[in-house]
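Each residue of the sequence shown is one higher than the last, beginning at 1 in the working numbering. For glycine and all other residues, C-beta sits at the position ideal for the given N, C-alpha and C.
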Amino acid sequence: MDNKQMLGQMIKFNKTIFDNAFKAMQMAQDQGEKMINSLVDQASWLPEDGRKTITDWVKAYQKGCNDFKENVDQQYQKVEDFLTKS
């Protein structure tokens with residue numbers, strides 16, 4: 001096995017680890033979101049502006065996570081393309 005193949009296997013292994021860790025983090029985030037939504041629904045004292053702020057915060061966090069995952073996937077793809085071309 002040459003160095004390029006070994007590096008390719010290491011990259012695939014690291015991507016698998018990242019994907020699994022991201023899925024676990026996403027599951028925890030989904031549970032947190034459900035908990036926050038339940039709390040907001042039950043909090044009659046919370047003004048509408050506060051509810052909107054919390055909803056916007058959750059959406060911004062989700063967008064940030066999705067953008068991060070997309071960026072990491074693109075970078076892994078670039079590395080894989082580099083290894084297959086060289």
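Separation of Ser86 from Asn14, as counted between CA atoms: As a position in the sequence shown, residue 14 is number 14, starting the count at 1. As a position in the sequence shown, residue 86 is number 86, starting the count at 1. Take the alpha-carbon of Asn14 and the one of Ser86: they are about 20 Å apart.
If you draw a straight line from the alpha carbon of Lys63 to that of Met25, how long is it in whole angstroms? For the purposes of this step, residue 63 is identified with residue 63 of the sequence shown, where counting begins at 1. For the purposes of this step, residue 25 is identified with residue 25 of the sequence shown, where counting begins at 1. Using only the alpha carbons, I get a separation of about 14 Å.
Neighbourhood of Val58 by C-beta distance below 6 Å, restricted to the same chain and skipping five residues each side: Numbered from 1 along the sequence shown, position 58 holds the residue referred to as residue 58. Glu33.
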